[in-house]
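**Student:** According to the working numbering, the sequence shown is numbered sequentially starting from 615.
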Amino acid sequence: MAIAIGTDKSTRMARVFHVLWHGERIAYDAAARQALICGDIKAKRFLSMQSAQESRHAALFHAATAVLTPRIRSLQTPAVAALNAYRRHLDHDLAAGHLATSIVGLQIVLEGLGALTLSRINLALSPHGPRFAPFKRLLEQHEDSHHAFGRRWLERQDIESLPRLAAEAYRYFELACSAIDGSEELFGYGVSTPQIFRLHLRAALPSTLTRDWP
Ligand SMILES: [Fe+2]
Ligand SMILES: [Fe+2]
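This is the structure:
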C-alpha cells in the first residue's frame, strides 16, 4: 500500500525526502568507514562503491527536497533525531572495529528500512513526484545490491557468532523502530501505520537474525 503524502503534498513529500537524505548520509559515512576496516579486497571494493553511490543518493535527496520546498532544509524532525541516535550506535561499532555488527546495522537493518520506505512512496501523489520516478528506480536497484551484500556477508559468518549478531540486530531494529515511530511524515492518513511498518521491517530481516537462539 502506498504512503499518502497529505494535503500539502509537495511539502509532505519533501519531509520524507529530508529524512531519506539523513539516512543516505549515514550510509555514505558508514560504508566509507567499513571499507577502511575491511580486510577482504573484494568486499572493500564493494563498500567503497557503495559509499560513492550513497553520496550521490544523499545529493539527490538534498536537491529534491530543495526543489519541493526550500524551507525544509534545516528541519530537525523526530525521525531525524532518531536517525542521529542510529548513527551514534553505528559509529560506536565502527570505532570498535566491529565490521560484522556494522554490516548488520547498515546493510541489513538500515537498508531494509530505506527499501521499505522507498517502496511505499507513491510519487504520483505530488504534482512534482513523477519527475523523481527514474531516480527512484535507480536507487531501488542500488539499495537492493547493498542489502544483498549484507545478506551474503551474514551467510558466511560462523554459526557461533550468529546469536550475538542476532542480539545486535535486535538493538538496531529497536533504533529503526524509533525512527519509524518518529516519522509522522509517512503516516497519519490511515493508509499505513508504524505498527505495520515495524512488522514489514522485521519480516524483511534474515531469519537467522530473528529466530530465538538458545
Ligand atoms: Fe542509498
Ligand atoms: Fe544503500
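All C-beta atoms, glycine included, are put in the ideal place defined by N, C-alpha and C.
(1) With 16 as the cutoff for other CB atoms within 10 Å, does D707 come out buried or exposed?
(2) Under DSSP, the alpha helix (DSSP H) around D705 begins and ends at which residues?
(3) With burial defined as no fewer than 16 other Cβ atoms inside 10 Å of the residue's Cβ, what is the status of I655: buried or exposed?
(4) Could you tell me whether any non-hydrogen atom of ligand 1 is closer than 7 Å to the CB of H632?
(5) Buried or exposed for L819, going by 16 or more other Cβ atoms inside 10 Å?
(6) Can you list, in chain order, the residues of its chain whose CB lies under 6 Å from that of A696, leaving out five sequence neighbours each side?
(7) Would you say the beta carbon of A641 comes nearer than 7 Å to a heavy atom of ligand 2?
(8) Helix, strand or coil: how does DSSP classify C652 here?
(9) Let me know the secondary structure DSSP gives S759 once reduced to three states.
(10) How close, in whole Å, do the beta carbons of S806 and L800 come, if the pair is a contact with beta carbons under 8 Å?
(11) With a threshold of 8 Å between beta carbons, is S733 in contact with chain D?
(12) Grab me the residues of I651's own chain with a C-beta within less than 8 Å of its C-beta, minus the 5 sequence neighbours each way, in chain order.
(13) Mind reading off the beta-carbon distance from S665 to Y642? Whole number of angstroms is fine, and I expect it under 8 Å.
(14) Measuring CB to CB, does H718 end up less than 8 Å from L813?
(15) Are the beta-carbon atoms of E754 and L732 separated by less than 8 Å?
(16) Just checking H756 against ligand 1 - is the residue's beta carbon closer than 7 Å to any of the ligand's heavy atoms?
(17) How long is the line joining the alpha carbons of R770 and Q721, rounded to whole angstroms?
(18) Taking all protein chains shown into account, decide if S821 is buried (16 or more other Cβ within 10 angstroms of its Cβ) or exposed.
(19) What whole-angstrom Cβ distance do V723 and A644 have, given they're in contact under 8 Å?
(20) Can you round the beta-carbon distance between H761 and G726 to whole angstroms, since I take them to be within the 8 Å contact cut?
**Tutor:** Looking at the atomic coordinates:
(1) buried
(2) P692 to A709
(3) exposed
(4) no
(5) buried
(6) S792, A793 and G796
(7) Correct: A641 has its Cβ closer than 7 Å to ligand 2.
(8) coil
(9) Correct three-state label for S759: helix.
(10) 7 Å
(11) No chain D is present in this structure, which holds just one protein chain.
(12) Cβ neighbours of I651 beyond the five flanking positions: L708, G711 and L713.
(13) 6 Å
(14) Going by the sequence as given, residue 718 is Val instead of His. Contact: no.
(15) yes
(16) yes
(17) C-alpha separation (whole angstroms): 15 Å.
(18) exposed
(19) Between V723 and A644, the beta carbon gap of about 12 Å keeps them out of contact (Cβ cut-off 8 Å).
(20) Cβ atoms of H761 and G726 come within 8 Å of each other, at about 6 Å.
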